[in-house]
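Down below is the structure, laid out as structure tokens.
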Amino acid sequence: MEADDFALMDGVKSGRSGAFEALVERYQRRLYRVAVGYLRNHEDALDAVQETYVKIYVARESYRPSAHPFTWAARILANHCIDRIRHRRAVPEQSLDDLPDGRPGRAAAALAAPDEAAPERQERRELGRTLLLAIDRLPARQREIFILRHFGEMRLEEIAAARGCALGTVKSSLHRAAAALRDHLARLDPALRRAEEEAS
Amino acid sequence: MSPLRPPRACRAARERLALHYYAALDAAEEETLERHLGSCPACAREWDLVKRALDALDPRAIAPLEPTVDWGEFARSTASRARAAAARERPVLRRGPWGIPAAARLTALAAVLAAALLALSAWLRTRTEAPAPVDGEPPVTMLESAHIIEDRLGHQGAARYLRDSRALLLNLVGPAAPCRKSDGHYDITLEKEKSRQLLRRKNLYDGDLLTLEDRRLATLVAQLESVLMEVTTLDDCATARQIHDLRERIETREILLRIDLMTREMQRREHVV
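Quick note, the sequences are listed as chains D and G, same order. Under this note's numbering, think of the first position of the first sequence as 1, with each following residue one higher. Under this note's numbering, think of the first position of the second sequence as 1001, with each following residue one higher.
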């Protein structure tokens, strides 16, 4: 599978017909989940994925097989998303919390699936908001590493290569992120809270 | 040691729970952990909590709209957008009137010229002694020529980016069109789209812009990017307050004035052909 990815990237570099389309199809959904993890907005995430592929195609000749193609793509996407978030901070969007008048915030509305039944939608929305809040509160490095592993399904070695840090840092960040998320959910979910109380 | 602090074996096991979840432990570690979880009810409960927390973070909860996307169509449009961007970046790759790519023709021409120069140089060497290099005028190497060309490409990209951004900012600081959807708001749909296009183009110029030696130009380009980013984050029907803040930012930083000065300076230096 991995050798396939490198061969595919070779095909993209040499202009083989259909190679770039295959590369887009292979990674687009994983990259989209990573982008949603960062940006919390469906349209922005799609836009970020497209931007990433544009950059990949334009710079395809500079690709070196020392990095896995997905690692390379994820690094470009992560940098794009981080830039985007940095610029957003100048004019913060309504992100996770509802507006004061009770209407849903922009990002929450943007991520709501339109075809769900009302109770399911409500439940999913509440769970989604809880999770997004929990991820938002992680320190930057932990958050990033967690997103790349959980939503990008990247291997730990790939993450270390993509973010330029040691494998040990990836492991400890993942442990801390998972512990923080578990603590957050335990505080909010009655069933988990009960289990917590029983344990203590 | 505090009575609440778990034993060392438990601490070691809990530090591995996330890695266990992602199947990132080696076989020996996995076996040790499984054995510990089987014999320690407290750690087994902890594993259950971690697993439930991570299971709850299903990508479907975070990205519920993913199934609604037509990924086949998305891939096609992404590929065509990337190709269009690459074609804009490298116009020399377009095919000429005889179906021969322009780049191929240029390469062939360069090869012929190089061969001619080599032949001429060999002929001259047979007839004369090689002249000593002139003091103060070192020969221009291939590397230096490439650097000059890169710098020129960077300036050309920056000049186009500044020119188009200026037109957009003039629209924004001028009288904005009222929004039909809501009173007292301004319709900036077109400006937002234009900003997105410019940002995409800026991303494409990035490689060239990195080679710019003129740091003032690079700084102006970076500041312009942040203003364009801000435009893209506004609502389609922007409030008067948002427009006011944006104009204030453009005016405070004297961005339009600096674009004009920079453009004139670049023209004066004849960097832009």
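The C-beta atom is built at its ideal place from N, Cα and C for all residues, glycine as well. Predicted, not measured: the structure shown is a model, and the values here were computed from it.
According to the DSSP assignment, G/A1056 belongs to the alpha helix (DSSP H) that extends over 1041-1056.
A contact between stretches requires three or more CB pairs, one per stretch, nearer than 8 Å, and the segment 1037-1057 of chain G fails this requirement with the segment 1073-1082 of chain G. In this structure, the straight-line span from the alpha carbon of G/L1065 to that of G/L1109 is close to 53 Å.
Check the Cα spacing between D/D136 and each of D/H68, D/Y53, D/I85, D/S66: the tightest is with D/I85. With contacts defined by Cβ atoms closer than 8 Å, D/F146 and D/L174 form a contacting pair.
In chain order, S1165, I1255 place their CB closer than 7 Å to the CB of G/L1224, counting only its own chain and leaving out the 5 sequence neighbours on each side. For G/D1245, no beta strand (DSSP E) run applies; the uninterrupted alpha helix (DSSP H) run containing it begins and ends at 1240-1252, by DSSP. Taking 9 Å as the Cβ-Cβ cut-off, the segment 1010-1024 of chain G approaches chain D at R1014, E1015, R1016, L1017, A1018, L1019, Y1021, Y1022, A1024, given in chain order.
Per DSSP, G/Y1022 lies in no alpha helix (DSSP H) and is assigned neither H nor E. For D/Y38, there are no neighbours in chain G by C-beta distance under 8 Å, as the nearest C-beta there is about 11 Å away. The criterion of a C-beta distance shorter than 8 Å is satisfied by G/V1231 and G/L1246.
Within chain D, the C-beta atoms nearer than 8 Å to that of G/W1071 come from E25, Q28, R29, in chain order. In this structure, the alpha-carbon of G/C1179 lies about 24 Å from that of G/L1199. Excluding the 5 residues flanking it on each side, D/S172 has no same chain C-beta neighbour closer than 8 Å. One thing to note: D/V58 has its Cβ within 8 Å of the Cβ of G/A1085. DSSP places D/Y53 within a helical segment (H, G or I) once states are collapsed to three.
If you compare the alpha carbons of G/G1157, G/T1233, G/A1238 with that of G/T1263, the shortest gap goes to G/G1157. Annotation for D/H175: the continuous alpha helix (DSSP H) segment containing it runs 167-188. Contact between the segment 1017-1024 of chain G and the segment 175-183 of chain D is present: 3 or more CB-CB pairs across the two stretches fall below 8 Å.
With its beta carbon at least 8 Å from every one in chain G, D/F70 lies outside the interface. The Cβ-Cβ distance between D/D5 and D/H80 does not fall below 8 Å. The three-state reading of DSSP puts G/D1187 in strand, counting E and B together. Per DSSP, reduced to three states, the secondary structure at G/C1179 is coil, with no helix or strand assignment.
Counting only Cβ-Cβ distances below 7 Å, G/P1006 has no contacts in chain D at all, with the closest Cβ about 11 Å away. Remark: fewer than three beta-carbon pairs, one from each stretch, lie closer than 8 Å, so the segment 157-171 of chain D and the segment 47-55 of chain D are not flagged as touching.
Distances from the alpha-carbon of G/R1088 to those of G/L1025, G/D1026, G/R1160 put G/R1160 closest. Proximity to D/R29 across D/Q142, D/E157, D/R182, D/A73 peaks at D/A73, based on C-alpha coordinates. With a beta-carbon spacing of about 6 Å, D/L23 and D/V12 fall inside the 8 Å limit used to define contacts. Taking all protein chains in view, the Cβ of D/T71 is crowded by 16 or more other Cβ atoms within 10 Å, so the residue is classified as buried. Under the DSSP assignment, D/Y63 falls outside any alpha helix (DSSP H); it carries neither an H nor an E label.
By a beta-carbon distance limit of 8 Å, D/V49 does not contact G/I1062. Their separation comes to about 15 Å.
For D/K171, the residues of chain G that pass the 7 Å Cβ criterion are L1019, in the order they occur in the chain. At a cut-off of 8 Å between C-beta atoms, G/T1078 counts as an interface residue with respect to chain D. When C-alpha distances from G/K1192 are compared across G/R1060, G/R1249, G/L1234, the shortest belongs to G/L1234. The beta-carbon of G/V1221 is placed no less than 8 Å from the nearest beta-carbon of chain D.
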